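Down below is the structure, laid out as structure tokens.
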Amino acid sequence: MLSRTAQNLFWMGRYMERADATARLLEMGHRMSMVPGSSDMDEWRSVALAAGAQDPINGKPHQTAADVIHDLLISVDNRSSIRSCLVQARANGRAIRTALTQDMWEALNEGWRQLDDMAPETSRRNLPTLLEWVKNRTAAFRGASEISLLRNDGYCFLRLGGLIEQADMTLRLLDAKYYVLLPETDVVGGGRDYHQWTSVLRATSALRAYHHVYKGDYNPWGIADFLILNATFPRSISYCHRTIQRFLDDIADHYGERGPCHDTATEMVARLDGVHIEQLFQAGLYDFISDSITANHRLAAEISRQYHF
Amino acid sequence: MYGSQGAVRVPYERVADWISAAGVDLLKLRQSEAEAIFRRIGITFAVYGEGGDPERLIPFDLIPRVFGASEWRRLSRGIKQRSRALNAFLYDVYHRGEILRAGVIPEDLVYRNEAFLPEMVGIDPPGRIYSHICGIDIVRTGEDQFQVLEDNCRTPSGVSYMLENREIMMRMFPQLFAAGIIEPVDSYPVLLKKTLEEAAPMKCDNDPTVVLLTPGSLNSAYYEHSFLADLMGIELVEPQDLFIEGGLVWMRTTRGPQRVDVIYRRIDDSFIDPLAFRPDSLLGVPGLFDVYRSGGVTLCSAPGAGVADDKAIYSFVPEMIRFYLGEKPLLENVQTWRCASPEDLSYVLSNLKDLVVKEVHGSGGYGMLIGPHASKKDIEAFRLKLKANPSAFIAQPTLELSTAPILGDGGVEKRHVDFRPYCLVGRDIRLTPGGLTRVALKKGSLVVNSSQGGGVKDTWILAD
Chain A
-1 MLSRTAQNLF WMGRYMERAD ATARLLEMGH RMSMVPGSSD MDEWRSVALA AGAQDPINGK
59 PHQTAADVIH DLLISVDNRS SIRSCLVQAR ANGRAIRTAL TQDMWEALNE GWRQLDDMAP
119 ETSRRNLPTL LEWVKNRTAA FRGASEISLL RNDGYCFLRL GGLIEQADMT LRLLDAKYYV
179 LLPETDVVGG GRDYHQWTSV LRATSALRAY HHVYKGDYNP WGIADFLILN ATFPRSISYC
239 HRTIQRFLDD IADHYGERGP CHDTATEMVA RLDGVHIEQL FQAGLYDFIS DSITANHRLA
299 AEISRQYHF
Chain B
1276 MYGSQGAVRV PYERVADWIS AAGVDLLKLR QSEAEAIFRR IGITFAVYGE GGDPERLIPF
1336 DLIPRVFGAS EWRRLSRGIK QRSRALNAFL YDVYHRGEIL RAGVIPEDLV YRNEAFLPEM
1396 VGIDPPGRIY SHICGIDIVR TGEDQFQVLE DNCRTPSGVS YMLENREIMM RMFPQLFAAG
1456 IIEPVDSYPV LLKKTLEEAA PMKCDNDPTV VLLTPGSLNS AYYEHSFLAD LMGIELVEPQ
1516 DLFIEGGLVW MRTTRGPQRV DVIYRRIDDS FIDPLAFRPD SLLGVPGLFD VYRSGGVTLC
1576 SAPGAGVADD KAIYSFVPEM IRFYLGEKPL LENVQTWRCA SPEDLSYVLS NLKDLVVKEV
1636 HGSGGYGMLI GPHASKKDIE AFRLKLKANP SAFIAQPTLE LSTAPILGDG GVEKRHVDFR
1696 PYCLVGRDIR LTPGGLTRVA LKKGSLVVNS SQGGGVKDTW ILAD
């Protein structure tokens, strides 16, 4: 396969996941801002932080909720806004039409201009509907890829991009919210914490799933365990790393060649193997999170070097 | 659709029945459905220099255009004959130039032609084929009369519409196709791939690897490039995906370099290789032409093939057919005045209001004058342009173009159409029964180019 094709598939996977994750973050912000006693701007700032847009975009720091929503949803200056992600994913797809199935292309192409020229006020007023729409688009794209794409190296590159992005988004959410998971807040207790914890789960669409696994006992240990170590939850760090390793192995088997990215992936999986969440807290959750973010970035760079893109 | 006596012509009976049975309102509804499908699939067409939407939709008209079986047999013989002659001409002008020595075509018209590439002289492309895909634009000028409007020997576009228009029609109106009386067109990609594989270069010793070279996703015909690559199952490459090493062409892949044998290039001559042609080109592959010259790769069409489809050379194609094939031309040309000749120029200047004047190197319907539709002011402005550089223009009479029915605002209306079949030249000459019908959607307009408000239709060739 052309290296350029692999590159476009990889980034298409990343952008679609980023659009999806950003929509979930905005949903979390929207919900938290409705909780009594919350400091509105703090919540929205942590949303911006988790979405990687904490720095002023376009020279203006975020003053209001509308600023954050604008930057994350419809801004063209923010390369990671949902709109930018959808436009870039479509551009990736358009550049490699032949590597896409018709179903995938239609999922990318349908309504891609929906967010163009939308006034900030309109976007805020219609936020829940718009976010629902974004999640539907990304789900349609994933579905189309799953049912129609050949399971060859192209599929692996698409999934690798998506998984790297999912791991990154979960890590950045933990990075922005880790303070609510620290043991001392456990002592404070009360409704406010409950909302904080559930909001973290909501942002990863894990609320119900968590409920099933941990029987509704919301506590920081359980939540961190779920998002980092749970091998069955598809956005957990552990799951993402294992699956990344599997797809990299598939490509290596197919091409008959391994490289540094394979070693890094193996290392990342080994790092979480048999680890208990208590150990992570003892060793320092914050350090673990920032190290993992760096490792994830390094892996992405190694993959593109290995496959010449 | 109607004959000279006003009755529905036989090939059109099925279409006429269908229109009256379905009714105009229903058809209009279906037409907007068809457009929604095109938009969703992403069949778009960029128009240069007009700004606005870079991914405009080409208008699609629902009512098919129909050729009867015997009409097609005649046309198809004529098209194949013309394609053979054009290739023979290209081989000749890049070798001994017999036709010029014989005085049939003036030397200047060839050697001083911008599309003539001296670099190509003496090169033998595989099978002596230069133009692997000949798009011959044809108009009907009478119930039994067809004329060739122009030839396209470089990289004629539009074949994706032939395929997609049919796809849409079959999807929306399966009952029309049920009786199996309409020739299918879906063999085109298979035949195209076969034709390209047959062009494998001397140094290719395995199954040839064929790629389609596109300038990229901003090109107006990008949809077509990706569509064809997809249907042929070959890689769609951009210039940056290719490089030259050891006298061969390679593409960059995730498994390292892979050799390329045949390049179906949809990039103009001057952009294929900055070392050989335009040094300012950011598009090309440096060194590609050298590899081509030494038989390491085949370019389809061959560089310099454009010298055969220039509008001034066009008027000599019937002569070529007599000269190279010793046959009588089966398809007529439209009468053409070459403004380079003083005699013709003076005729053209005194009859501007009745003539169509075109730029010799122009395409896409730009820069032409349609005398009967132009204002006095426009004619005078054009007169100055023409006098300043006569050899850049040719003139033709305004043709009595046939019309075909379309779905307009007022129901079924008449519009002018032309027709472009795609003739494939490999070891055999292959012609898919079909082509692209372009239609001038503006009332009274004679210009069918999609860049000028033209649309497209499905084209039916009826089986015997």
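Residue numbers (the working numbering), protein chains in the order written: chain A, -1 to 307; chain B, 1276 to 1739.
All residues carry an ideal CB built from backbone N, CA and C; glycine is no exception.
These numbers were taken from a predicted model, which means no experiment stands behind them.
Let me check one thing: in DSSP terms, what residues is residue i bridge-paired to?
| i | result |
| --- | --- |
| residue 1336(B) | 1732(B) |
| residue 1427(B) | 1410(B) |
| residue 1531(B) | 1528(B) |
| residue 1269(B) | Past the boundaries of the shown model lies residue 1269(B); chain B is included only from 1276 to 1739, so the question cannot be answered. |
| residue 1608(B) | 1423(B) |
| residue 1679(B) | 1690(B) |
| residue 1788(B) | In the structure displayed, chain B extends from 1276 to 1739; residue 1788(B) sits before or after that span and is not available. |
| residue 1417(B) | 1420(B) |
| residue 1573(B) | 1537(B) |
| residue 1486(B) | 1510(B) and 1538(B) |
Find the nearest neighbour of residue i within the set the options, judged by alpha-carbon distance.
| i | options | result |
| --- | --- | --- |
| residue 294(A) | 142(A), 164(A), 280(A) and -1(A) | 164(A) |
| residue 1597(B) | 1299(B), 1708(B) and 1363(B) | 1363(B) |
| residue 1548(B) | 1530(B), 1514(B) and 1581(B) | 1514(B) |
| residue 1333(B) | 1450(B), 1496(B), 1484(B) and 1301(B) | 1496(B) |
| residue 237(A) | 64(A), 162(A) and 128(A) | 162(A) |
| residue 252(A) | 150(A), 204(A), 21(A) and 199(A) | 150(A) |
| residue 49(A) | 194(A), 25(A), 32(A) and 58(A) | 25(A) |
| residue 1425(B) | 1696(B), 1691(B) and 1730(B) | 1696(B) |
| residue 1571(B) | 1393(B), 1354(B) and 1479(B) | 1479(B) |
| residue 272(A) | 216(A), 226(A) and 131(A) | 226(A) |
| residue 1546(B) | 1561(B), 1635(B), 1533(B) and 1402(B) | 1561(B) |
| residue 1650(B) | 1627(B), 1703(B) and 1671(B) | 1627(B) |
| residue 141(A) | 103(A), 93(A), 297(A) and 260(A) | 103(A) |
| residue 1405(B) | 1435(B), 1701(B) and 1591(B) | 1701(B) |
| residue 1662(B) | 1455(B), 1281(B), 1687(B) and 1613(B) | 1613(B) |
Can you tell me the Cα-Cα spacing of residue i and residue j, whole angstroms?
| i | j | result |
| --- | --- | --- |
| residue 1327(B) | residue 82(A) | Because the pLDDT at residue 1327(B) is just 47, under 50, the model does not fix this residue reliably, and the point stays unresolved. |
| residue 1568(B) | residue 1551(B) | 11 Å |
| residue 241(A) | residue 278(A) | 21 Å |
| residue 1446(B) | residue 178(A) | 56 Å |
| residue 1727(B) | residue 1719(B) | 13 Å |
| residue 168(A) | residue 176(A) | 11 Å |
| residue 1583(B) | residue 1611(B) | 16 Å |
| residue 66(A) | residue 202(A) | 19 Å |
| residue 147(A) | residue 9(A) | 16 Å |
| residue 133(A) | residue 270(A) | 30 Å |
| residue 155(A) | residue 1482(B) | 28 Å |
| residue 1(A) | residue 1463(B) | 29 Å |
| residue 1608(B) | residue 1286(B) | 25 Å |
| residue 145(A) | residue 62(A) | 42 Å |
| residue 71(A) | residue 157(A) | 24 Å |
| residue 1578(B) | residue 1429(B) | 8 Å |
| residue 16(A) | residue 69(A) | 14 Å |
| residue 1385(B) | residue 1632(B) | 21 Å |
| residue 111(A) | residue 100(A) | 19 Å |
| residue 1323(B) | residue 1729(B) | At residue 1323(B) the pLDDT is 47, less than 50, meaning the model places this residue with poor confidence; the figure from the coordinates comes in the next sentence. Rounded to the nearest angstrom, the two C-alpha atoms are 15 Å apart. |
| residue 1389(B) | residue 1304(B) | 48 Å |
| residue 3(A) | residue 1520(B) | 22 Å |
| residue 1400(B) | residue 1580(B) | 11 Å |
| residue 28(A) | residue 137(A) | 21 Å |
| residue 184(A) | residue 243(A) | Residue placement at residue 184(A) cannot be trusted, given a pLDDT of 48 that sits under 50; what the coordinates show is reported in the next sentence. Roughly 35 Å between the two C-alpha positions. |
Output yes or no for whether 9 Å exceeds the beta carbon distance between residue i and residue j.
| i | j | result |
| --- | --- | --- |
| residue 1293(B) | residue 1448(B) | yes |
| residue 12(A) | residue 159(A) | yes |
| residue 135(A) | residue 105(A) | yes |
| residue -1(A) | residue 1528(B) | yes |
| residue 1516(B) | residue 1573(B) | no |
| residue 1733(B) | residue 1413(B) | no |
| residue 1368(B) | residue 1290(B) | no |
| residue 51(A) | residue 79(A) | yes |
| residue 1576(B) | residue 1615(B) | no |
| residue 1337(B) | residue 1309(B) | yes |
| residue 1685(B) | residue 1441(B) | no |
| residue 1690(B) | residue 1674(B) | no |
Give the C-beta separation of residue i and residue j to the nearest angstrom, bearing in mind that I take them to be a contact with Cβ-Cβ under 8 Å.
| i | j | result |
| --- | --- | --- |
| residue 1488(B) | residue 1542(B) | 6 Å |
| residue 1365(B) | residue 1409(B) | Not really, about 11 Å apart at Cβ, beyond 8 Å. |
| residue 1592(B) | residue 1335(B) | No, residue 1592(B) and residue 1335(B) are not in contact; Cβ-Cβ is about 31 Å, not under 8 Å. |
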